């Protein structure tokens, strides 16, 4: 095993800021973007509903 | 396949592509999560410490997949924009619009992780190096594409204008890729290329390729999900959109 302890793993050989700075921002982007797309999908469904009501009116 | 010919254009219409994309998204998401977890495991617990860079090199498991995706997605975006421009097909233009935000995000990630990798190893977050500068241009091209598309009210005119910008910008992708060979750049050359064996340790390469597949599957899932939303937005007035079960009673 490369890492002796969890602490050693987190320290990342002294490069913690740089390695975790890269991975956490990447994880944040890959988590947030699907949420934004989901919200956009729900808003689009609203648009279709509104369009349908107008059509039926 | 019965005697009749395959209707190649069947999924060219939003109405038939919408359910297909909907079925594909979960599969691509699942593959992305699995290969991503495997890639992170190999990257952090299997790949050894680097002789020169110590642990800093592990940023490669995010930096290179993101950079590859930023270039790959731009070419795919320009392709669909070109098809939409040439054949006036609405769905192609929607696909190009669906790709842009994800491409821009990967470009940002490539620049961000590159800067965080550059600081400890080169001593600088940013230098006006050929590779870095052309990747920054790629970022502005994505932003310009999205801005131009948003700026024009009529969707069809916006498609055409943005498509021209995307096609003009596609020349930048080979410049990025070959920048490390053409100019004397601080950024190192390709460790992995299609023409010769990779100059990387096997476990490091495996981790990186797993993450690249994970980012690729993630990109497919998000782009297909976004194109469905775009289809609803632009086809809200059509019968097929109104009769969707999802729209509800």
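Chains as they are written, first to last, in my numbering: chain A, 135 to 191; chain B, 3 to 251.
Using N, Cα and C, we set each Cβ at its ideal position, and we do this for glycine too.
These numbers were taken from a predicted model, which means no experiment stands behind them.
**Prompt:** For chain B, is any of its Cβ atoms less than 8 Å away from the one on residue 179 of chain A?
**Reply:** yes
**Message:** According to DSSP, simplified to helix, strand and coil, what is residue 131 of chain B?
**Reply:** coil
**Request:** Could you please give me the residues that DSSP links to residue 56 of chain B through a beta bridge?
**Result:** Looking at the DSSP assignment, residue 56 of chain B forms a beta bridge with B:52.
**Request:** Could you list the residues in the segment 97-122 of chain B with a C-beta less than 8 Å from some C-beta on chain A, going in chain order?
**Result:** 103, 104, 107, 110, 111, 114, 115, 118, 119, 121 and 122
**Asked** From residue 137 of chain B to residue 192 of chain B, what does the alpha carbon distance come to, in whole angstroms?
**Response** Roughly 15 Å between the two C-alpha positions.
**residue 50 of chain B, buried or exposed, once every other Cβ within 10 Å from all chains shown has been counted against 16** = exposed
**Message:** Any contact between the segment 208-221 of chain B and the segment 29-44 of chain B? By contact I mean 3 or more CB pairs, one from each, below 8 Å.
**Reply:** yes
**Message:** With H, G and I counted as helix, E and B as strand and the rest as coil, what does DSSP make of residue 138 of chain B?
**Reply:** helix
**Request:** Note down, in chain order, each residue of its chain lying with its Cβ closer than 6 Å to the Cβ of residue 83 of chain B, except the 5 sequence neighbours on either side.
**Result:** 98, 165 and 168
**Message:** Pairs of beta-carbons, one from the segment 62-81 of chain B and one from the segment 140-151 of chain A, closer than 8 Å: are there three or more?
**Reply:** no
**Asked** In whole angstroms, what separates the C-alpha of residue 47 of chain B from that of residue 137 of chain A?
**Response** 8 Å
**Request:** Determine the direct distance from the alpha carbon of residue 90 of chain B to that of residue 226 of chain B, and round the result to whole angstroms.
**Result:** 20 Å
**Message:** Buried or exposed for residue 57 of chain B, going by 16 or more other Cβ atoms inside 10 Å?
**Reply:** buried
**Request:** Using a cut-off of 8 Å between C-beta atoms, extract the partners of residue 56 of chain B located in chain A.
**Result:** 147, 148 and 149
**Asked** Are any of the Cβ atoms in chain A nearer than 8 Å to that of residue 200 of chain B?
**Response** no
**Prompt:** Counting contacts by CB-CB distance shorter than 8 Å, is residue 47 of chain B in contact with chain A?
**Reply:** yes
**Request:** For residue 182 of chain B, decide whether its Cβ has a neighbour in chain A, counting only Cβ atoms nearer than 8 Å.
**Result:** no
**Asked** Between B:163, B:28 and B:210, which lies nearest to residue 148 of chain B when the distance is taken from Cα to Cα?
**Response** Selected option, being the one with the closest Cα: B:163.
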